[in-house]
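Presented below is the structure to which this report refers.
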Amino acid sequence: MDPAFTPKEKAAGAFIVLVCLVLFAIFGVIGKGKNWFKSYRIYYITFNEGYNLQVGAPVKLFKADIGKVEEITPVEDKVKVKIAVLEDYAGRIRKDVVAKVESPTFIGSEYISIKPGSSGASLLPEGSILPSQEKKSVSDILEEFQVEKTAKKFIQAVQDLSEAAELLRDRQGPLVSSLENLNRSTKHLEKIISDIEAGKGTIGSLLKSETLYESIAVTLDKLGETIENIRQASAEAPGTMESIRSILEAVNQNLKQIQTVISDLEEGSRDIPEITQTTKEGIREIREGVERVDRVVRSIQENVLIRSNLPPLKEGKSLDADLRR
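Residue numbering for the sequence shown follows my numbering, beginning at 1155 and increasing consecutively.
Structure (structure tokens):
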């Protein structure tokens, strides 16, 4: 006969099975988080020193975990590091990758950072040695940021500030003397301004003189009247000039006619002696006409509006013709 289980035994068995299932579930969750059930590929890296790297330190790509350090072994004068990279990321391990030791802090928590290569480079087979780059030491970092040079500049700046403070404390120093000279100059300038406001000195008397202001006002009034007269004369000048231009054209035509008559008379006096007496009378009339024209021209020249616009008179030739007897 099959042995019979009591209810208590059944309850205890169910509890044990339930506990085992829970443990298996927890184990599976932890294993999944720790990548216990995933495949890895092994690679190697060599460094000049260990840089405080520990077994189990993460291997990161773009700051994301892709593996872990499996083993650290000194080999001759170098340190050989064995790393395990998840098979899912093995396709990023190419010939031009660079591995180096980094730390999120200045010292401690070191891990291996892998800088990926180009997509055109060939893949590295499992077990290959990855190219590496040495971690910067403290002296390298100080040299890179020029800490020593910056410290020297800071010390020099502090010394300069100390010297400046000494100059400020020195009552006989150049800074205090300059301030005293500036103070005296300011007081002297204030005195000059006060004297000017009080009407003292040449500038003060000029600024405070009522006679000067009245003289300037009278001069400005006369200047305004003169400008108005010039404006009126300019407005009348075009008509006057047109009249004078017409008179001058008429005079010019009369002179041309007179010259023609004189020429004819000279020719006639040579060829016809009988008309000499008539010629004398004609010449006398011509002389009277010339005198009248001359008086008109002189009156025009004496006009104030056009006197400055006429060209200088040339010495004219005599129009008299000697009569033949």
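The beta-carbon is built from N, C-alpha and C at its ideal position, and this holds for glycine as well.
Problem - Option nearest W1190 by Cα separation, candidates I1180, S1263, Q1310 - result: I1180
Problem - V1209 (DSSP reduced to helix, strand or coil) - result: coil
Exercise for the section: Evaluate contact between the region 1192 to 1203 and the region 1168 to 1175, counting only Cβ atoms and requiring at least three cross-stretch pairs below 8 Å. Expected result: no
Exercise for the section: Under 7 Å Cβ to Cβ from S1276, same chain only, skipping five residues before and after it: list those, please. Expected result: R1248, K1249
Problem - Among G1262, E1288, V1252, D1242, the one whose alpha carbon lies nearest that of Q1233 - result: First, the amino acid is wrong: residue 1233 is Val here, not Gln. Measuring from the Cα of V1233, the nearest candidate turns out to be E1288.
Practice task
Could you tell me the boundaries of the beta strand (DSSP E) in which I1184 lies?
Solution key: From DSSP, I1184 is part of no beta strand (DSSP E) but of the alpha helix (DSSP H) over 1161 to 1187.
Exercise for the section: Write down the C-beta distance between V1223 and G1210 rounded to the nearest angstrom, noting that I regard them as a contact closer than 8 Å. Expected result: 6 Å
Practice task
Kindly provide the ranges of any alpha helix (DSSP H) runs that are 4 or more residues long and lie completely inside the region 1215 to 1301, ordered along the chain.
Solution key: 1292 to 1298
Practice task
Tell me, please, which residues DSSP counts as bridged to T1365.
Solution key: Answer is none; T1365 lacks a bridge partner.
Practice task
Answer yes or no: do I1266 and V1251 have a C-beta to C-beta separation smaller than 8 Å?
Solution key: no
Practice task
Rounded to whole angstroms, what's the CA-CA distance from G1271 to S1286? Just pull it up for me.
Solution key: 13 Å
Handout entry: Same chain, Cβ closer than 6 Å to D1219, five either side skipped, listed in chain order
Key = P1212
Exercise for the section: Inspect the beta-carbon positions of V1235 and R1195 and report whether they are closer than 8 Å. Expected result: no
Handout entry: Residues of its chain near Y1243, where Cβ-Cβ distance is below 7 Å and the 5 sequence neighbours each way are ignored
Key = L1215, I1220
Practice task
Just grab the DSSP bridge partners of T1200 for me.
Solution key: K1234
Problem - Close beta carbons around S1369, own chain, < 6 Å, minus the five adjacent residues each side - result: none
Handout entry: Same chain only: Cβ atoms within 6 Å of E1379, ignoring 5 sequence neighbours per side
Key = none
Problem - Pairwise C-alpha distance: K1217 and R1323 - result: 57 Å
Problem - Distance, S1257 Cα to S1263 Cα - result: 6 Å
Handout entry: Buried/exposed call for I1384, threshold 16 Cβ in 10 Å
Key = exposed
Handout entry: Assigned exposure category for L1284 - 16 Cβ within 10 Å defines buried
Key = buried
Practice task
Return no unless some Cβ of chain D is closer than 8 Å to the Cβ of A1352.
Solution key: This model lacks chain D altogether, as it is built from one protein chain only.
Practice task
Label A1253 either buried or exposed according to how many other C-beta atoms from any shown protein chain fall within 10 Å of its C-beta, with 16 as the threshold for buried.
Solution key: buried
Practice task
Would you tell me roughly how many angstroms separate the C-alpha atoms of N1335 and K1306, rounded to the nearest one?
Solution key: 37 Å
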